[in-house]
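Using full-length UniProt numbering, the first residue of the sequence shown is number 1, and each one after it goes up by one.
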Amino acid sequence: MTVSTIEGSHGTVAVHDWPVADPSWIAILVHGYGEHLGRYPHVAARLNAAGATVSGPDHEGHGQSAGERVLIEDFETVVDDLDAVVSRAVTANPDLPVIMIGHSLGGMIASRYAQRHHDRLLALVLSGPVLGSWQATALADLDEIPDDPLDTSTLSRDDAVGAAYAADPLVWHGPFKRPMLRSIARTLETINHGGDLGDLPTLWVHGEADTLVPIGPSRAGIERIRGTDLTEIIYPEARHEVFNETNQDAVLDDVIDFIRVKLA
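Below, the structure is given as structure tokens:
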């Protein structure tokens with residue numbers, strides 16, 4: 001992996017790259033709230049093995065990118081920055097198809113990207129996406145937002161995943177910020193009324209036991225934007241981070257199988 005920077009909408013954006021020799025497609029990874037793309041090397045390795053050159057940004061205010069921590073007031077500019085990363089990857093690898101893979105809040109960002117830039121993608125993969133509505137945004141209406149630490153056991157049945165998350169200095173471990181919550185709520189409404197994905201092949205994977213981003217609201221959001229080519233896989237007993245779950249190999253197999261079909 002290499003990390004470089006580009007100039008984003010509000011300062012420098014760190015871009016992670018996992019290149020391969022003679023790639024046959026481009027994978028763009030889109031991470032979730034409070035985390036960073038440095039948590040995804042095992043995902044990138046599986047995509048590399050399937051022939052992809054892999055890239056993705058740390059969003060504004062996340063990971064190694066500039067900005068106040070976990071404060072995004074306009075996700076449209078985050079989509080702009082993501083498009084700059086796509087353009088950079090396409091310039092380096094002309095004529096290769098692009099597949100975007102978004103997890104959690106990254107699923108929201110990737111969905112908005114697909115609404116705005118449908119023609120740039122061959123397919124879209126959404127993992128535990130924040131879509132439809134998200135219960136956390138209601139915290140913005142409280143007089144004081146509680147500083148409750150994340151229960152890391154909600155991430156995965158693998159305790160090591162939670163322990164690594166808790167020890168990661170680039171992960172945000174503080175409270176939600178009111179402007180961020182309100183920006184998420186606005187973006188969800190924008191997506192809900194932003195039109196469907198047409199014929200864009202879309203894979204939705206979700207843990208059945210996900211309490212951070214429950215299936216119900218995500219399903220309602222998927223139904224608002226789904227196009228004509230949607231594949232859904234729900235994993236029994238799996239929690240929020242299905243790419244870090246005890247059955248992660250099977251999940252990544254499913255993702256790669258879906259991608260291979262679309263590449264063919």
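Ideal Cβ placement from N, Cα and C applies to all residues, glycine included.
C-alpha distance - residue i paired with residue j, whole-angstrom precision
| i | j | result |
| --- | --- | --- |
| residue 112 | residue 194 | 8 Å |
| residue 169 | residue 8 | 23 Å |
| residue 216 | residue 138 | 16 Å |
| residue 16 | residue 127 | 19 Å |
| residue 19 | residue 251 | 22 Å |
| residue 183 | residue 244 | 27 Å |
| residue 132 | residue 91 | 34 Å |
| residue 157 | residue 246 | 6 Å |
Among the options, the one whose alpha carbon lies nearest that of residue i
| i | options | result |
| --- | --- | --- |
| residue 134 | 104, 149, 118 and 153 | 104 |
| residue 29 | 212, 23 and 41 | 41 |
| residue 46 | 257, 264, 262 and 263 | 257 |
| residue 212 | 183, 108, 94 and 239 | 239 |
| residue 179 | 52, 72 and 4 | 72 |
| residue 185 | 160, 218 and 136 | 136 |
| residue 75 | 109, 102 and 92 | 109 |
Nearest-angstrom beta carbon gap, residue j and residue i [assumed within contact, 8 Å]
| i | j | result |
| --- | --- | --- |
| residue 267 | residue 200 | Residue coverage of the chain in this structure runs from 1 to 264, which leaves residue 267 outside it and unanswerable. |
| residue 60 | residue 79 | Wrong, their Cβ atoms sit about 11 Å apart, outside the cutoff. |
| residue 221 | residue 197 | Incorrect: roughly 12 Å between the Cβ atoms, too far for contact. |
| residue 32 | residue 106 | 5 Å |
Cutoff 8 Å; reference residue i; Cβ partners in own chain excluding five residues on either side
| i | result |
| --- | --- |
| residue 174 | 69, 70 and 147 |
| residue 260 | 50 |
| residue 122 | 25, 97, 98, 99, 201, 262 and 263 |
Same chain, Cβ closer than 6 Å to residue i, neighbours up to 5 away in sequence not counted
| i | result |
| --- | --- |
| residue 89 | 26 and 55 |
| residue 202 | 124 and 230 |
| residue 4 | 15 |
Cβ shell of residue i (< 7 Å), same chain only, five flanking positions each side left out
| i | result |
| --- | --- |
| residue 63 | 14, 36, 37, 38 and 170 |
| residue 236 | 208 |
| residue 154 | 211, 212, 239 and 240 |
| residue 172 | 34, 69 and 70 |
| residue 272 | No answer is possible for residue 272: the residues shown for the chain start at 1 and end at 264. |
Which ranges would you report for the beta strand (DSSP E) in the region 12 to 60 if only whole runs of at least 3 residues count? 25 to 30 and 52 to 57
If we require 3 or more residues per run, which beta strand (DSSP E) segments fall completely within the region 74 to 138? 98 to 103 and 123 to 127
Give, in chain order, every unbroken run of the beta strand (DSSP E) that is at least 3 residues long and sits entirely within the region 167 to 212. 202 to 207
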